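> The sequence shown begins at 1 in the UniProt record's numbering and counts up by one.
A virtual CB, placed ideally from N, CA and C, is assigned to each residue, including glycine.
The structure presented is a predicted model; accordingly, all values stated were derived computationally and were not measured.
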Amino acid sequence: ADNENAIFTDILHEVNADVLRKKIQEIREDVSEYVNNRVDDMMSEILQKIRMPLTKNGEFLYMDKYRDKRKSSKTDALPDKEFLERNSIFTDLLKISHFRAIYNLFVMIFIILLINTVAFDIMKTGTIRLGTNTLRTFFAKFPTCLYIWSFMQASTLSVYVTFTLWAHQRLQLLPKSSIQKLWDYSWLSMFILYQILFIIFSIKAMLDANLSIGCNMIVIFEQIRMTMKSHAFVRSTAPRFLSYKPHTETPRPNCPKFSQYLYFLFAPTLVYRDEYPRTKRIRWKVVIQNFIEVGLAILYFTFVSECFILPVYHVFGTQYLDQKWFIMNAINSSVPGFLYFIIGQYLLLQSWLNAWAEMLQFADRLFYKDWWNSTNYHTFYRKWNVVVHDWLYTYIYKDMYEIVVPRNRTLSIIAVFFVSAIFHEYILAFSFGLFYPMMFIFFFALSLPIFFIKFNNVIMWFGWSFGNGLLVNLYAMEFYARYNCPPHPNYYLDLPPYLVMSESPSIDLHEKNKDTAVNGNAFTDILYEAIADVLQKTIQEIRQDVLEYVNHRINNMMSDVHQKIAVPLAKNGELLYRTDKHRDKRESSKKGALPNKEFLERNSLLTDLFNIPHIRTVYNVFMMTFLLFLLNSIACDIIEYGTIRVGTNTLRYAFAKFPTCIFIWSFMQASTFGVYAAFTLWAYRRLQFLPKSSLQKLWDYSWLLIFILYQILFIICPIKAMLGANLSICCRMIIMLEQIRMIMKCHAFVRTVASRFLSYKPHSEIPPPNEPRFSQYLYFLFAPTLVYRDEYPRTKRVRWMVVIRNFVEFGLSIFYLAFILESLILPAYHVFGTQHLDWKWYVKNTIKSSFPGICFLVTINYLLLHTWMNAWAEILQFADRLFYKDWWNSTTYYTFFRTWNVVVHDWLYTYIYKDMYEIVIPYNRMLSATTVFFISAIVHEYILAFTFGFFYPVIFILFITIGFPMFFIRKNFSNLFMWLSWSLGTGIIFSLHAIELYARQNCLSHPNYYLDLFIPRSWSCQEQFNT
1 ADNENAIFTD ILHEVNADVL RKKIQEIRED VSEYVNNRVD DMMSEILQKI RMPLTKNGEF
61 LYMDKYRDKR KSSKTDALPD KEFLERNSIF TDLLKISHFR AIYNLFVMIF IILLINTVAF
121 DIMKTGTIRL GTNTLRTFFA KFPTCLYIWS FMQASTLSVY VTFTLWAHQR LQLLPKSSIQ
181 KLWDYSWLSM FILYQILFII FSIKAMLDAN LSIGCNMIVI FEQIRMTMKS HAFVRSTAPR
241 FLSYKPHTET PRPNCPKFSQ YLYFLFAPTL VYRDEYPRTK RIRWKVVIQN FIEVGLAILY
301 FTFVSECFIL PVYHVFGTQY LDQKWFIMNA INSSVPGFLY FIIGQYLLLQ SWLNAWAEML
361 QFADRLFYKD WWNSTNYHTF YRKWNVVVHD WLYTYIYKDM YEIVVPRNRT LSIIAVFFVS
421 AIFHEYILAF SFGLFYPMMF IFFFALSLPI FFIKFNNVIM WFGWSFGNGL LVNLYAMEFY
481 ARYNCPPHPN YYLDLPPYLV MSESPSIDLH EKNKDTAVNG NAFTDILYEA IADVLQKTIQ
541 EIRQDVLEYV NHRINNMMSD VHQKIAVPLA KNGELLYRTD KHRDKRESSK KGALPNKEFL
601 ERNSLLTDLF NIPHIRTVYN VFMMTFLLFL LNSIACDIIE YGTIRVGTNT LRYAFAKFPT
661 CIFIWSFMQA STFGVYAAFT LWAYRRLQFL PKSSLQKLWD YSWLLIFILY QILFIICPIK
721 AMLGANLSIC CRMIIMLEQI RMIMKCHAFV RTVASRFLSY KPHSEIPPPN EPRFSQYLYF
781 LFAPTLVYRD EYPRTKRVRW MVVIRNFVEF GLSIFYLAFI LESLILPAYH VFGTQHLDWK
841 WYVKNTIKSS FPGICFLVTI NYLLLHTWMN AWAEILQFAD RLFYKDWWNS TTYYTFFRTW
901 NVVVHDWLYT YIYKDMYEIV IPYNRMLSAT TVFFISAIVH EYILAFTFGF FYPVIFILFI
961 TIGFPMFFIR KNFSNLFMWL SWSLGTGIIF SLHAIELYAR QNCLSHPNYY LDLFIPRSWS
1021 CQEQFNT
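And the structure:
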């Protein structure tokens, strides 16, 4: 019996081992499959959650959220338009502070134009009209326009009635019978006739009423919209009835309800669907905001017309105009052309359509895509106006490609181009009352041949700006020619021109089947019970082990995912100022001390932001304006001198005696080496003296006086050399800026290192301090920082392409400034001191100086703190490139002064503010901040005084009277207010300094030499003309 039991036990063990092995394998496969499925589901959720913030940050706007096509159910058919619930791109982008700042920049330009209009109205008429005269002319007979529009809109309702009649009756006729075909063709002919009559009668009513340009444009736009809507409704709904086959399983089609048709007539789309995605409620605040933006955009159009178009072109046809007038105005029209281009798109496709979408709860607001990032016209035409593009794609391109000329993309594209060009020319011809097919020619002669050619985005912006400017130029001349020139005797010939995670899966590891073999032997029952207990414990251990392992791996993955999410968010600019990467202070180890400057390896902010296509586009817009200035400069040079100078005259004058400037700078730089030698001597000898002895104090104070004397002589001698050499303005500015830089560097070195020796106590555990090596001091002298450290974070290698690119951008920025001076400053102010100028001249030019002022502000910040600093940082492998922060997003002057120039701010904070707060006047922030302001204002005025050669404390007064009080107001202003204050402030500074500069050249000097230095000549210059 024992042998039998033993044999049975062995067999049972073998059988159980095989069964258990199979069960474990099944469990392993089951667990593996389950975990894989759960992880896949979880990763899908993670990716969707990641996409949301990335979408908000504007980097991956073209994920599924912004795709608007889906595969067709028909074989070989093109994709169909898809409607989804989504915002307009600008709506998402304007939630990001960097893009909001760009928006505020355009609003700031609007306010400056508004101020210019107000000033012009007061000076010319004594009242404030705010462009109402232009608007009144533009929208004259507006009630008649609405009357015509009402009849047009009412007529479209008949389309539904007639279509319903056709569809209902057609179902009663025999399929494919002659009567059915006659019915179809009859109603098709009637629909075509309706469309033709709809066009003719609308135009006739408009011409008979002699409407104004704005009203003409409204009627024509609405006529085209209603025509496209009617076609879309019939083309989308008719196939349901045409393809219906009676006596089949296909249900009988129903005609759309009238409410659906009526909704479509007013919905902001041209592609018909019975149902669209809808929002849950109407946000009336959004509606009002968008309609206000529509009104402001119309005023913007008016101000641009009054500033750039009407004053220039109204003379056409009244006097002789030479070749220069035509060329210069063709180039100068690029500015209003660019503004019309941007404002028109924003007015119609953002403000107007979003207002109606909100009122109608229309959820799909993809009315345009990121056309501003386009690098070819193929992309641009698909993104510029998605509403019209969808209609052309659905009802022209698709029908051509699938029905008329099957699979022929070229002919389909040409058909779309032809229809679009005809529509555009038709609108302009009847709006302006003249046939001048320049738009049609631009479409076919320029756009179609380069449809698929890829360009740089800068070239695209230049093409849009210059192309629109040229169109504005040609249409404005023809428009005034119609008023001022005699008509052709023949009327008809006169018409052409002259992540959220799911819970970790709880894996159920139950057995699926149990062996049912039963033995009557009691030993077998006991054995089964023992095996079951062991197996249950083992399974529990496996369960815990698997869960712990899966949890561990998922936690690790989550950590990696969070890191990966943080990086693109930072790159996309939304959280760039919320992460530790862009914080530059760390807590001090001393009790009660302020935080210390911290150096980390990081890029400049714009270096990261330029990786985002939308921000890169802003850079390209500035490059486009540079190209326009360049073109303007070339045209002026050829017309006036017969040669191309491209701003070199201005630069030659500004940088005259540049070798002498470098010679003076070399001596200044060489003298700073003496600071290291003298400091090393002082530090070495100091350690030999008894602590706190009189001899040690004498030694310290003696060298302190020598250092102060050196700083005073370092200020006096370069200025004396500069004035003696009679350097030009820019060379003086180089000397002054370099002098201040070297003084700050020397102070930083001595102030930082001296404290190590002054605080050293002999016979203590602290080792004696060592002097920095000369190589460390030399590196600091050229490193792009003013705060001394023995060591800085360094990059691994020098990227010479980055160096070259930054130096090239530095040179282009200097030319940019030269072009601004030649185009906007010198022509306006060179007359000062040569003739009598009334108060109107001062007001007009001060306001107009706001634009070049803000251009100078942005360009100089980019020139000095981005290109120049980054070039030297790359050469010296200096890794911390936080030379500025996001000052353009500032809402207080407190933030602006801390973020505008981080390099200088760090010096002022470390060596002025901290020393005042911790040593001179402990814990008094007010006096510490006042000291910083006073020193900063003095240095700014000192630089400008010796650069221009006269004392005119405009910046000092603005610093103390406006900047200083505003610094302590911590309540947030609007970012728009900040941009407006920067623009008007720099405009005032520009205007006053330009006036004084020309007064110094054209006006008599004061008899007393010293009084002449301090009393502005511009104050008394005009008296000679009054007498």
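Candidates Ile-396, Ile-644, Trp-149: which alpha carbon is nearest Val-271's?
For this step, residue 271 is matched to residue 271 along the sequence shown. When only C-alpha atoms are compared, the closest one is Ile-396.
> Which of the three DSSP states, helix, strand or coil, is assigned to Arg-773?
Taking the first residue of the sequence shown as 1, we reach residue 773 at position 773. The answer is coil: DSSP assigns Arg-773 none of H, G, I, E or B.
> Quick test of your reading: Met-108 and Leu-837, contact by CB under 8 Å. State the CB separation rounded to the nearest angstrom.
The residue you call residue 108 lines up with position 108 of the sequence shown. The residue you call residue 837 lines up with position 837 of the sequence shown. Their Cβ separation, rounded to whole angstroms, is 27 Å, which puts Met-108 and Leu-837 out of contact at 8 Å.
> Quick one: using the 10 Å Cβ neighbour count with 16 as the cut-off for buried, is residue 1031 buried or exposed?
What the structure shows of the chain is the stretch from 1 to 1027, and residue 1031 is not part of that stretch, so it cannot be assessed.
> Would you mind sorting Pro-268 into buried or exposed? The rule is 16 or more other CB atoms within 10 Å of its CB.
Looking up residue 268 in the sequence shown gives position 268. Answer is buried; the Cβ neighbour count reaches 16.
> Would you call the stretch 236-252 and the stretch 206-221 in contact, with 3 or more CB pairs under 8 Å?
Segments in contact, no.
> Measuring CA to CA, which of Pro-143, Arg-252, Gly-949, Tyr-788 is closest to Ser-212?
The count along the sequence shown starts at 1 and reaches residue 212 at position 212. Answer by Cα proximity: Pro-143.
> Do Tyr-788 and Ala-754 have their CB atoms nearer than 7 Å?
Sequence index remark: in the sequence shown, residue 788 carries index 788 (1-based). Sequence index remark: in the sequence shown, residue 754 carries index 754 (1-based). Contact: no.
> Helix or strand or just coil, what does DSSP make of Leu-54?
Residue 54 sits at position 54 when you count from the first residue of the sequence shown. Residue confidence for Leu-54 is low, a pLDDT of 40 falling below 50, so the modelled location carries little weight and cannot support an answer.
> So what does DSSP say about Phe-626, is it helix, strand or coil?
Sequence index remark: in the sequence shown, residue 626 carries index 626 (1-based). In this structure, Phe-626 counts as helix in the three-state DSSP scheme.
> Answer with buried or exposed for Asn-972, where buried requires no fewer than 16 other C-beta atoms within 10 angstroms of its C-beta.
Here residue 972 corresponds to residue number 972 of the sequence shown, with the count starting at 1. Exposed: under 16 other Cβ atoms inside 10 Å.
> Spell out the partners DSSP gives Asn-596 in its beta bridges.
Sequence index remark: in the sequence shown, residue 596 carries index 596 (1-based). Answer is Arg-586, bridged to Asn-596.
> Please classify Glu-822 as buried or exposed, where buried requires at least 16 neighbouring CB atoms within 10 angstroms.
The sequence position of residue 822 within the sequence shown is 822, counting from 1. Flag for Glu-822 reads buried.
> Just reading off the alpha helix (DSSP H) that Ser-702 is part of, what are its end residues?
Residue numbering aside, residue 702 sits at position 702 when the sequence shown is read from its first letter. Taken as a continuous stretch (DSSP letters only), the alpha helix (DSSP H) holding Ser-702 covers 694-725.
> Quick check on Asp-880: does DSSP put it in helix, strand or coil?
On the sequence shown, position 880 is the one that residue 880 refers to. DSSP places Asp-880 in strand when its eight states are reduced to three.
> What separation, rounded to the nearest whole angstrom, lies between the Cα atoms of Phe-90 and Leu-349?
Here the question's residue 90 lines up with position 90 in the sequence shown. Here the question's residue 349 lines up with position 349 in the sequence shown. So the alpha carbons of these two residues sit roughly 10 Å apart.
> Kindly provide the ranges of any beta strand (DSSP E) runs that are 3 or more residues long and lie completely inside the stretch 106-192, ordered along the chain.
Counting only runs of 3 or more, we get nothing.
> When DSSP labels each residue in this structure, what does Arg-797 get in the three-state scheme?
Within the sequence shown, the letter at position 797 stands for residue 797. Reduced to three states, the DSSP call for Arg-797 is coil.
> Can you tell me the Cα-Cα spacing of Gly-963 and Phe-622, whole angstroms?
If you number the sequence shown from 1, residue 963 lands on position 963. If you number the sequence shown from 1, residue 622 lands on position 622. If you take the alpha carbons of Gly-963 and Phe-622, they lie about 28 Å apart.
> From Cys-485 to Tyr-194, what does the alpha carbon distance come to, in whole angstroms?
Residue mapping note: residue 485 aligns to position 485 of the sequence shown, counting from 1. Residue mapping note: residue 194 aligns to position 194 of the sequence shown, counting from 1. Cα to Cα, the separation comes out at about 39 Å.
> Within 10 angstroms of the Cβ of Ala-593, are there 16 or more other Cβ atoms? Answer buried if so, exposed if not.
Along the sequence shown, read from residue 1 onward, the residue named residue 593 stands at position 593. So Ala-593 ends up on the exposed side.
> Closest by CA to Val-932, which one among Leu-944, Phe-948, Ile-960?
As a first step, residue 932 must be located in the sequence shown, where it is residue number 932. Residue Ile-960 is the option with its Cα nearest to Val-932.
> Please report the distance separating the alpha-carbon of Glu-941 from that of Phe-819.
In the sequence shown, residue 941 corresponds to position 941, counting from 1. In the sequence shown, residue 819 corresponds to position 819, counting from 1. For Glu-941 and Phe-819, the distance between alpha carbons rounds to 25 Å.
> I'd like to know if the stretch 796-813 and the stretch 871-890 are in contact, where contact means that at least 3 CB-CB pairs between them fall below 8 Å.
Short answer: they touch.
> Kindly examine the ligand HEM and report whether one of its heavy atoms sits closer than 6 Å to the Cβ of Arg-652.
Among the components modelled here there is no ligand, and therefore nothing to report on the ligand HEM.
> Can you name, in chain order, every residue of its own chain whose Cβ lies under 6 Å from the Cβ of Lys-257, other than the five neighbours on each side?
Start at 1 with the first residue of the sequence shown, and residue 257 comes out as number 257. So the list is empty, once near-sequence residues are dropped.
> Helix, strand or coil, according to DSSP, for Asp-838 in the structure here?
As a working mapping, residue 838 is identified with position 838 in the sequence shown. It is coil, neither helix nor strand.
> Under 7 Å, do Tyr-894 and Phe-967 count as touching if we go by C-beta distance?
Taking the first residue of the sequence shown as position 1, residue 894 is located at position 894. Taking the first residue of the sequence shown as position 1, residue 967 is located at position 967. Yes, these two residues count as a Cβ contact at 7 Å.
> State yes or no: is the C-beta of Lys-81 within less than 7 Å of the C-beta of Asp-390?
Translated into the one-based positions of the sequence shown, residue 81 becomes position 81. Translated into the one-based positions of the sequence shown, residue 390 becomes position 390. A contact, by the Cβ cut-off of 7 Å.
> Let's test the definition: count the other Cβ atoms within 10 Å of the Cβ of Met-190 and tell me whether it reaches 16, buried, or not, exposed.
The sequence position of residue 190 within the sequence shown is 190, counting from 1. Exposed, by the Cβ-count rule.
> Around the Cβ of Leu-695, are there at least 16 other Cβ atoms within 10 angstroms (buried) or fewer (exposed)?
As a first step, residue 695 must be located in the sequence shown, where it is residue number 695. It is exposed - the Cβ of Leu-695 has fewer than 16 other Cβ atoms within 10 Å.
> Under DSSP, the alpha helix (DSSP H) around Tyr-475 begins and ends at which residues?
Here the question's residue 475 lines up with position 475 in the sequence shown. Looking at the DSSP string, the run of the alpha helix (DSSP H) that includes Tyr-475 is 457-484.
> In the DSSP assignment, what are the bridge partners of Gln-319?
For the purposes of this step, residue 319 is taken as residue 319 along the sequence shown, with counting starting at 1. For Gln-319, which the question treats as bridged, DSSP gives the partners Phe-316.
> Let me make sure I understand the geometry here. Which of Arg-235, Phe-308, Phe-163, Val-902 has the alpha-carbon closest to that of Leu-113?
Mapped onto the sequence shown, residue 113 falls at position 113. If we check each option's Cα against that of Leu-113, Phe-308 comes out closest.
> Scan the stretch 948-985 and note each continuous alpha helix (DSSP H) run of 4 residues or more that stays entirely inside, going in chain order.
For the stretch 948-985, whole alpha helix (DSSP H) runs of length 4 or above, ordered along the chain, are 954-958, 964-967.
> Measuring CB atoms only, is the stretch 219-237 touching the stretch 154-170, in the sense that at least three cross pairs come out at less than 8 Å?
Verdict: yes, contact present.
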